[in-house]
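Residues in the sequence shown are numbered from 1 upward in steps of one, following full-length UniProt numbering. Glycine residues also receive a C-beta, built at the ideal position from the N, C-alpha and C atoms. To start, the structure under review is shown below, and the notes come after it.
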Amino acid sequence: MAQVINNRFKRDHYVTTNQRKYYKIFILTNDDYYFIIEKRKLYKSLLFKNIFDLDKTAGNITNPIFLKKFKSKNVKIIVEYLNFYYNKIDFFEGPNQVTFNNIDYYLNNFDKKFLDKFNAFSISDLENLIKELSYFNIISLNRKMKFVLYFKKNQKRIK
Numbered sequence: 001m002a003q004v005i006n007n008r009f010k011r012d013h014y015v016t017t018n019q020r021k022y023y024k025i026f027i028l029t030n031d032d033y034y035f036i037i038e039k040r041k042l043y044k045s046l047l048f049k050n051i052f053d054l055d056k057t058a059g060n061i062t063n064p065i066f067l068k069k070f071k072s073k074n075v076k077i078i079v080e081y082l083n084f085y086y087n088k089i090d091f092f093e094g095p096n097q098v099t100f101n102n103i104d105y106y107l108n109n110f111d112k113k114f115l116d117k118f119n120a121f122s123i124s125d126l127e128n129l130i131k132e133l134s135y136f137n138i139i140s141l142n143r144k145m146k147f148v149l150y151f152k153k154n155q156k157r158i159k
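So this is what it looks like as structure tokens:
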């Protein structure tokens with residue numbers, strides 16, 4: 001009897017590290033969109049760290065993470081950013097020369113295309129977006145968005 005209980009415990013609770021790496025997380029937003037992200041990316045970026053500290057079981061298909069504060073377009077920004085930076089492990093491009101008034105100082109073409117999406121945003125919309133994105137704790141994305149806001153605020157003065 002004890003042998004059966006031990007085997008069942010191992011089967012139900014023991015997970016190898018390879019299985020942990022590719023565990024998928026289901027995220028629902030307040031406008032009824034869902035996203036699926038690999039948990040491996042979440043660990044690397046510390047995304048949703050505060051949620052996982054509270055509930056380690058959150059994110060599976062029977063218990064998805066429900067982000068009722070967030071619209072899908074903001075979560076989509078994060079998913080796109082993570083998919084690029086955490087799938088391309090060996091990615092590197094040479095640095096470009098930086099000028100003080102040029103927002104295109106970023107090191108790669110992905111950032112330039114990614115940040116072009118926010119040119120149409122007003123300053124208040126950008127500030128609200130930065131507040132929402134800061135909840136997800138992706139430091140590199142937060143810094144880039146703050147630079148976009150800085151250049152947006154100082155656009156008239158520089159030109």
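In this structure, the CA atom of F136 is about 9 Å from the CA atom of V75. Across the set L126, Y150, K71 and L82, the C-alpha of L82 shows the shortest separation from the C-alpha of I138. Between the beta-carbon of L126 and that of L149 there is about 5 Å, and that keeps the pair under the 8 Å contact cut. Here Y135 carries a coil assignment [DSSP, helix/strand/coil]. About 7 Å separates the beta carbon of F121 from that of L129, a gap short enough to meet the 8 Å contact definition. According to the DSSP assignment, N109 belongs to the alpha helix (DSSP H) that extends over N109 to D116.
Of the residues assessed, I78 falls on the buried side of the cut-off, its CB having 16 or more other CB atoms within 10 angstroms. Comparing C-alpha distances from Q155 to each of I123, F84 and E132 shows the shortest one belongs to I123.
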